[in-house]
Amino acid sequence: MNLAGWILKKAGWSFAINIELPPKCVVCVAPHTSNWDFVLGELCIRSVGRTAGFLMKNTWFFFPMGVLLRRIGGIAVKQHQHTNVTEQVVQEFAAHDQLMIAVTPEGTRSPNAKWHHGFLYISKQAQVPIVLAYIDYGCRKVCLDRLFHPTDDVEADMETIKRYFSGFTARFPEKFDTGLTG
């Protein structure tokens, strides 16, 4: 057991991978209501000897913080310079033989019923599957659980994904909002 696995075990968390991980994928992680979600995700993926990239505003990549963020998988995205984030990430996938990029569709740790669709477009354009990964504070488990292949109906895909995640317990349940009714 490596250090990351040992820390998870000591903290009372478990990690499971219920699928065969593809060499390239977008990992859609929810619920996301706490900064601890990032720490848990990093510990989990590193406990199995893998890494996952993550997207972050390029303004965070200043010295020396940028060196650290890139080292642990950070990918700087330019959001306010008339650039296309989807295209930036598709190019990252094209440049690598193996790449997992974790995204949180809520886009914030505050309640947000309008989830970002970008990861669906990234998956489609890069021709990589989406791995649905949950963090469930109710049972203290993180799991890379299912493969999802987007269709041409973005709204239906998003509803399917939101329904999948609606059964898990966030660290702060009052901040987790799928916007689903019934």
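Residue numbers (this note's numbering): 85 to 266. All C-beta atoms, glycine included, are put in the ideal place defined by N, C-alpha and C. Computed from a predicted model, the values in this text were never measured in an experiment.
For residue j and residue i, the rounded distance between their alpha carbons
| i | j | result |
| --- | --- | --- |
| V215 | F147 | 32 Å |
| Q182 | E176 | 10 Å |
| G158 | G263 | 29 Å |
| T143 | G150 | 9 Å |
| L231 | I103 | 7 Å |
| Q154 | I129 | Here residue 154 is Arg; the residue named in the question, Gln, does not match the sequence. Taking the straight line from one Cα to the other gives about 16 Å. |
| T244 | T188 | 16 Å |
| T170 | L87 | 34 Å |
| A178 | A210 | 7 Å |
| P281 | P213 | Nothing in the structure corresponds to residue 281, since the chain is present only between 85 and 266. |
| D229 | F145 | 31 Å |
Nearest-angstrom Cβ-Cβ length linking residue i and residue j, presumed shorter than 8 Å
| i | j | result |
| --- | --- | --- |
| A136 | I185 | 7 Å |
| F256 | T117 | 4 Å |
| W199 | M242 | 6 Å |
Identity of the residues DSSP links to residue i by a beta bridge
| i | result |
| --- | --- |
| N160 | With the sequence shown as reference, residue 160 is identified as Ala, and Asn is not the correct amino acid for it. Beta-bridge pairing links A160 to M140. |
| Y218 | A114, C227 |
Residue from the options whose Cα sits closest to the Cα of residue i
| i | options | result |
| --- | --- | --- |
| R322 | A210, A197, G222, L105 | An answer regarding residue 322 cannot be provided, because it is not within the stretch 85 to 266 covered by the chain. |
| K225 | L124, M85, I91 | L124 |
Quiz item: Pairing CB atoms from the segment 99-112 with CB atoms from the segment 191-209, are three or more of them under 8 Å?
Solution: Touching, yes.
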